[in-house]
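Worksheet: one structure, shown below.
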Amino acid sequence: MNDSTAGGPEPSGPEVHGAEARSPDQKYCSDCGALIRVRAEICPKCGVRQIPLMNALGALAPNGKSKLGAALFGFFLGSFGAHKFYLGQNGWGLIYLLFCWTAIPGIVGIIEAILLVVMSDEDFNRKHGMI
Ligand SMILES: [Zn+2]
Numbered sequence: 019m020n021d022s023t024a025g026g027p028e029p030s031g032p033e034v035h036g037a038e039a040r041s042p043d044q045k046y047c048s049d050c051g052a053l054i055r056v057r058a059e060i061c062p063k064c065g066v067r068q069i070p071l072m073n074a075l076g077a078l079a080p081n082g083k084s085k086l087g088a089a090l091f092g093f094f095l096g097s098f099g100a101h102k103f104y105l106g107q108n109g110w111g112l113i114y115l116l117f118c119w120t121a122i123p124g125i126v127g128i129i130e131a132i133l134l135v136v137m138s139d140e141d142f143n144r145k146h147g148m149i
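Heads up: take any position in the sequence shown, counting from 1, add 18, and you land on my numbering.
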């Protein structure tokens with residue numbers, strides 16, 4: 019019995035960089051590890067959109083609000099209106115807070131959190147992201 023089939027060329031993983039010289043205006047693709055232009059938005063090798071490190075948790079609106087942050091507040095603290103306060107809708111936040119002893123604000127908060135997640139960044143910026 020000979021079940022040793024080793025001998026073919028080892029597949030090289032994406033973590034082979036380091037050997038090639040990287041110039042200051044180049045970076046590694048966040049997906050395939052290819053050396054690409056720093057300002058490239060889409061990797062020419064694999065076509066994957068590059069995620070800026072600053073915005074790894076989702077895009078921020080012009081006023082610094084995070085869609086994902088608001089959704090998380092709504093999901094976990096929605097019964098206290100946390101996402102409403104976060105988005106600057108203090109009147110609504112107070113209403114949620116007044117009714118936090120009922121189940122309603124919590125349920126509505128979770129629904130609003132889901133709506134925030136599926137909302138496009140542009141819609142979020144238009145509704146909540148203005149300075
Ligand atoms: Zn790539």
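Positions of the beta carbon are idealized from the N, C-alpha and C atoms, including for glycine.
My output table needs one value for Lys102: the three-state DSSP class, helix, strand or coil. Here the question's residue 102 lines up with position 84 in the sequence shown. It is helical.
Determine, using beta carbons only, whether Gly147 and Asn81 come nearer to each other than 8 Å. Locating residue 147 in the sequence shown gives position 129, counting from the first residue. Locating residue 81 in the sequence shown gives position 63, counting from the first residue. Cβ atoms of Gly147 and Asn81: closer than 8 Å.
Using the Cα positions of Ser97 and Glu59, report the straight-line distance between them to the nearest angstrom. Working through the sequence shown from its first residue, we reach residue 97 at position 79. Working through the sequence shown from its first residue, we reach residue 59 at position 41. Going by the C-alpha atoms only, they are around 39 Å apart.
For Cys61, does the count of other Cβ atoms within 10 angstroms reach 16, so buried, or fall short, so exposed? Along the sequence shown, one-based indexing puts residue 61 at 43. Counting Cβ neighbours within 10 Å, Cys61 comes out buried, since at least 16 surround it.
Identify the continuous beta strand (DSSP E) that holds Lys145 and give its terminal residues. To locate residue 145, count along the sequence shown from 1; it is residue 127. Counting along the chain, Lys145 falls outside any beta strand (DSSP E), though it belongs to the alpha helix (DSSP H) covering 139-146.
Please enumerate, following chain order, all residues with a beta carbon closer than 6 Å to at least one heavy atom belonging to ligand 2. Of the ligands one can find in the structure shown, namely ligand 1, none is ligand 2.
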